[in-house]
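>
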Amino acid sequence: MLTAAATLPRRPAVSLRPAAEAYDYEYFRSRLAEPALLADAVAVRVFRAPLLAVPAGGPRRGGYMSFDLLTHATATHALLAEHPGFPRLRVRWSPYRETCHTVEWGDPAPDWREDDAVFGRFYGYSDAAIAAFTQRHHQTPPSATPAPCSPTAP
Numbered sequence: 002m003l004t005a006a007a008t009l010p011r012r013p014a015v016s017l018r019p020a021a022e023a024y025d026y027e028y029f030r031s032r033l034a035e036p037a038l039l040a041d042a043v044a045v046r047v048f049r050a051p052l053l054a055v056p057a058g059g060p061r062r063g064g065y066m067s068f069d070l071l072t073h074a075t076a077t078h079a080l081l082a083e084h085p086g087f088p089r090l091r092v093r094w095s096p097y098r099e100t101c102h103t104v105e106w107g108d109p110a111p112d113w114r115e116d117d118a119v120f121g122r123f124y125g126y127s128d129a130a131i132a133a134f135t136q137r138h139h140q141t142p143p144s145a146t147p148a149p150c151s152p153t154a155p
């Protein structure tokens, strides 16, 4: 029988770890225009899953991380506020259950209607990484979006 005195201490749900522990460290290292930014990056561990938070700097004008729970987003905001390289931190709360809350830093991201290359440059990816991504993911221009299908449409 467990008693209150016998319970194990709880770890915080969100914590910072060295950047190299992040699951996506190599992904970013191979794609950033300035991999030296990783010297100031940190791994944000939510439960047992560490993901990389890359600071703004050089060609990288901003960054973000997504969270399903608002409590994880606010905890991450508090932790990154104590770490250099994450200017103008803000939590973007989502009122919709099916979308994530985000912690953003640096300049505001480009308008969502911009093409993928604009986003790639904003987030500091190399020209080669941007070209490889855009070749694999063909972007449909907004004007090519089909008209809504409605049984009452003319």
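In this note's numbering, the protein residues as written are 2 to 155.
Just so it is clear, CB atoms sit at the ideal spot from N, CA and C, and this is done for glycine as well.
What is the residue span of the beta strand (DSSP E) that phenylalanine 68 lies within?
That run of the beta strand (DSSP E) goes 63–68.
> What three-state label does DSSP hand proline 155 in the structure shown?
Confidence at proline 155 is low in this model, with a pLDDT of 47, below 50, so the placement of that residue should be treated as unreliable; the coordinate-derived value is given next. Here proline 155 sits in coil by DSSP.
> Using a Cβ-Cβ cut-off of 7 Å (strictly less than) and excluding sequence neighbours within five positions of proline 111, which residues of its own chain qualify?
So the qualifying residues of the chain are Val119, Phe120, Phe123.
> Closer than 6 Å by C-beta to isoleucine 131: which residues in its own chain qualify, once you throw out the five before and the five after it? Chain order, please.
Cβ neighbours of isoleucine 131 beyond the five flanking positions: Ala118, Gly121.
> Taking the beta carbon of alanine 21 as the centre, do at least 16 other beta carbons fall within 10 Å, making it buried, or is it exposed?
Exposed: under 16 other Cβ atoms inside 10 Å.
> Taking 7 Å as the threshold (C-beta atoms), are cysteine 101 and aspartate 128 in contact?
In this structure, cysteine 101 does not lie closer than 7 Å to aspartate 128 by Cβ.
> Can you name the residues that DSSP bridges to proline 19?
BP columns for proline 19 point to Val43.
> Measuring CA to CA, which of Val47, Arg49, Arg30, Phe48 is closest to alanine 40?
Comparing Cα-Cα distances from alanine 40 to each of Val47, Arg49, Arg30, Phe48, the minimum goes to Arg30.
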